[in-house]
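The opening position of the sequence shown corresponds to residue 22 in our numbering, with each subsequent residue numbered one higher.
Here a beta-carbon is modelled for each residue, glycine too, at the ideal position from N, C-alpha and C.
Being a predicted model, the structure only gives us computed values, none of them experimental.
See below for the structure under consideration.
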Amino acid sequence: MSGQATRRLARGDRLVLASHNAGKLVEFSALLDGYGITVLSAGQLGLPEPEETAETFVGNAALKAHAAAQASGLPALADDSGLCVAALGGAPGIYSARWAGPEKDFPGAMARIHEGIGDDPDRSAWFVSVLCLAWPDGTIRSFEGRIDGRITWPPRGTHGHGYDPVFTPEGRDRTFAEMPEAEKNTISHRARAFALFRDACLPGD
């Protein structure tokens with residue numbers, strides 16, 4: 022990867038978001054607004070979802086980005102993110118989406134977390150997001166963001182997606198799901214990973 026350290030996307034480029042999640046497409050489209058880049062999702066292009074067989078957030082993000090770049094012939098950005106709960110030994114972690122099952126039953130997954138914590142007084146948790154940009158020639162760069170907080174029960178709020186209704190960031194009294202998208206996008210794990218990605222890979226002024 023030496024020699025590719027300063028490689029950036031350019032205005033007018035098309036970028037594939039390696040996801041079939043409509044919520045993520047909305048979130049990333051907002052984050053990328055103003056850079057002159059057209060964002061297409063893997064779902065819109067009819068690309069298959071690769072099996073996430075890696076054992077880390079970085080590994081799964083790279084796997085998804087590489088598959089989308091190879092299938093589309095375009096640079097591809099993948100996010101692998103998850104909620105880690107201290108009382109559950111860091112679970113669900115990389116299995117966060119799978120805990121919700123094929124029906125995307127996040128209310129059920131949140132209830133599973135609540136039941137798993139039980140009477141444990143440690144409610145600490147953290148969200149991790151790894152962004153991986155892959156190019157059709159095999160070049161891959163990864164960026165990781167994290168935000169700490171605590172599990173809140175019962176769930177609160179109607180914004181966001183996934184586990185947002187049960188996660189309250191440190192120093193805040195509202196869950197992610199109680200925050201407008203624009204506010205969440207300034208502090209979230211994904212925003213922190215995106216800031217690193219932006220500085221390294223997006224076109225400047």
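Strand pairing of residue i, partner residues [DSSP]
{"i": "residue 158", "result": "Paired residue(s): none; residue 158 is not in a bridge."}
{"i": "residue 146", "result": "106 and 170"}
{"i": "residue 61", "result": "37"}
{"i": "residue 151", "result": "101 and 165"}
{"i": "residue 190", "result": "170"}
{"i": "residue 224", "result": "Partner(s): none; residue 224 has no beta bridge."}
{"i": "residue 113", "result": "105"}
Proximity test, Cβ basis, 8 Å: residue i and chain D
{"i": "residue 58", "result": "No chain D appears in the structure shown, which is made up of a single protein chain."}
Extent of the continuous alpha helix (DSSP H) to which residue i belongs
{"i": "residue 98", "result": "No alpha helix (DSSP H) holds residue 98; the beta strand (DSSP E) holding it covers 97 to 106."}
{"i": "residue 119", "result": "117 to 120"}
{"i": "residue 197", "result": "Looking at the DSSP string, residue 197 is not in any alpha helix (DSSP H), and its letter there is neither H nor E."}
{"i": "residue 133", "result": "127 to 138"}
{"i": "residue 84", "result": "78 to 93"}
Terminal residues of the beta strand (DSSP E) in which residue i lies
{"i": "residue 35", "result": "35 to 38"}
{"i": "residue 49", "result": "Careful: residue 49 lies outside any beta strand (DSSP E), inside the alpha helix (DSSP H) at 43 to 53."}
Close-in-space but distant-in-sequence residues of the same chain around residue i (CB under 7 Å, 5 per side omitted)
{"i": "residue 35", "result": "59, 61 and 95"}
{"i": "residue 30", "result": "36, 58, 96, 222, 223 and 224"}
{"i": "residue 33", "result": "57"}
{"i": "residue 168", "result": "147, 148, 190, 208, 209, 210 and 213"}
{"i": "residue 104", "result": "113, 117, 146, 148, 184 and 188"}
Selected residue, minimal CA-CA separation from residue i, among the options
{"i": "residue 192", "options": "183, 182, 208 and 184", "result": "208"}
{"i": "residue 143", "options": "107, 115, 160 and 114", "result": "107"}
{"i": "residue 150", "options": "49, 78 and 46", "result": "78"}
{"i": "residue 113", "options": "176, 51, 137 and 124", "result": "137"}
{"i": "residue 42", "options": "134, 54 and 123", "result": "123"}
Proximal residues to residue i (C-beta, below 6 Å), its chain only, five neighbours per side dropped
{"i": "residue 189", "result": "170, 171, 173 and 196"}
{"i": "residue 99", "result": "39, 82, 85, 86 and 153"}
{"i": "residue 217", "result": "164"}
{"i": "residue 157", "result": "90 and 94"}
{"i": "residue 23", "result": "At residue 23 the pLDDT is 36, less than 50, meaning the model places this residue with poor confidence and gives no usable figure here."}
Sequence-distant residues of its chain with Cβ nearer than 8 Å to residue i (five each side left out)
{"i": "residue 181", "result": "44, 197, 198, 200, 202 and 205"}
If you pair each beta-carbon of the segment 60 to 73 with each one of the segment 127 to 137, do three or more pairs fall below 8 Å?
In short, these stretches do not touch, since the Cβ pair count stays below three.
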